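Below is one structure, written out as structure tokens; the observations come after it.
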Amino acid sequence: MGVSDGATIDRRAWLTGAGALLAAGPSCAAEGAHPAAPNLTLAFALPDAVTNGVAVTPEGRIFAALARIDGSVGPRVVEIRNGRPVPFPDEAWNAFADGADPARTLVWVNSLRIGPDGDLWLVDTGSPGFGQPMRPGGCKLVQVDIAGARVRRTIPLDGVVTRKSFIDDVRFNGSLVYLTDAGAPALVVLNPATSWGYRVLEGHTSVTASRPISAEGRIVRGPDGAPVYVHADQLEVSPDGDFLYYQ
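Sequence positions in the sequence shown follow this note's numbering and run 87 to 333.
Laid out in structure tokens, this is it:
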């Protein structure tokens, strides 16, 4: 399998696509062949929560990860039913609080994805809030049976994380799972069948952010006042499974 820097590819793809659109636009307009813009439909709205990820089954069931960045309480993962969020897989798994078992509750689910097996896979960072340390046993990959609304199993990630880790996103490729570490820059390769994994590209420039994140014209800082860096974040596997792209 080859590995490529997703940032470069994404940027080139965007520039190429934009150039092609601009070049074709006047011609289409002149010929009157410009298609009508499709109508957009509001799927759901969560005005009181930050949604960090959405997964949709082939049948149209919608699941969302609610990022509790500020450490607030409430469900971490919900299913949108009739436009309303319902804790998923149940309220017990979404009842994390001080004193709760971080291995048996969802601490902070940063991303979720429908796996090739049809199950919903959750990436739990194990941190209860922005800039807070991971709770022991809280950083994990959770496999949820969608039809039965039950957790099939949890895969602890204690063996592939460091004190500064922030496991961010997940993709599947055959028998392997790839994850990004946005806190301690690296990629993680995991075999879910054996729960064995390892870190690659540890500290490599391709997975390390060169500048801190900013919002509203200001650099974002953590509780200690230090600038916040988001390292390896997004990733994707090519359709043929030969390449892994990351950013």
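Note that CB positions come from ideal geometry on N, CA and C, so glycine has one too.
Fair warning: this is a prediction, and the values are worked out from it, not measured in the lab.
Just checking residue i against the ligand PLP - is the residue's beta carbon closer than 7 Å to any of the ligand's heavy atoms?
i: D255; result: Although the ligand PLP was asked about, the structure shown includes no ligands whatsoever.
Are the C-beta of residue i and some C-beta of chain B separated by less than 8 Å?
i: F252; result: No chain B appears in this structure, which consists of one protein chain only.
What is the C-beta distance between residue i and residue j, in whole angstroms, given that I count them as a contact (C-beta under 8 Å)?
i: L206; j: R257; result: With a Cβ gap of about 15 Å, L206 and R257 do not count as contacting.
i: L243; j: L227; result: 6 Å
i: V209; j: D255; result: 6 Å
i: V314; j: P298; result: 6 Å
i: V246; j: V274; result: 5 Å
i: L152; j: T137; result: 6 Å
i: A189; j: G234; result: Their Cβ separation, rounded to whole angstroms, is 21 Å, which puts A189 and G234 out of contact at 8 Å.
i: K250; j: A272; result: The pair is not a contact, with the Cβ atoms about 11 Å apart (cut-off 8 Å).
i: P173; j: N180; result: 4 Å
i: I232; j: G204; result: 7 Å
i: N259; j: V323; result: 5 Å
Using 10 angstroms around the beta-carbon of residue i, count the other beta-carbons present and answer buried if the total reaches 16, otherwise exposed.
i: R167; result: exposed
i: I253; result: buried
i: R221; result: buried
i: D319; result: buried
i: G217; result: exposed
i: Y284; result: exposed
i: G303; result: exposed
i: A141; result: buried
i: T291; result: exposed
i: L265; result: buried
Taking the alpha-carbon positions, what's the residue i to residue j distance?
i: L192; j: R147; result: 20 Å
i: F149; j: P175; result: 10 Å
i: S300; j: W194; result: 22 Å
i: G111; j: G308; result: Residue confidence is low: G111 scores 37 on pLDDT, short of 50, so the model does not pin down where it sits. Its coordinate-derived value is still stated next. If you take the alpha carbons of G111 and G308, they lie about 45 Å apart.
i: Q333; j: G289; result: 14 Å
i: D184; j: Y331; result: 37 Å
i: R295; j: F130; result: The question names Arg, but residue 295 is Ala in the sequence shown. Each residue's Cα considered, the two are about 33 Å apart.
i: E145; j: T248; result: 38 Å
i: G215; j: A178; result: 19 Å
i: L132; j: D328; result: 38 Å
i: V293; j: D187; result: 32 Å
i: V230; j: D134; result: 25 Å
i: V182; j: P121; result: Position check: residue 182 holds Phe in this sequence, whereas Val was assumed. Going from the Cα of F182 to the Cα of P121 covers about 49 Å.
Need the endpoints of the beta strand (DSSP E) that residue i sits in, please.
i: A272; result: 272-277
i: N138; result: 137-142
i: E165; result: 163-167
i: G339; result: Nothing in the structure corresponds to residue 339, since the chain is present only between 87 and 333.
i: E322; result: 321-323
i: V246; result: Note, V246: premise wrong, no beta strand (DSSP E); not H, not E.
i: L330; result: 329-332
i: Q218; result: Element bounds for Q218: n/a, residue is neither H nor E.
i: N259; result: 253-259
i: Y315; result: Premise fails: Y315 is in no beta strand (DSSP E) and is neither H nor E.
| Counting pairs of Cβ atoms below 8 Å between the stretch 274-289 and the stretch 230-247, do you hit three or more? | yes
| Do three or more CB pairs link the stretch 156-170 to the stretch 193-205 at distances below 8 Å? | yes
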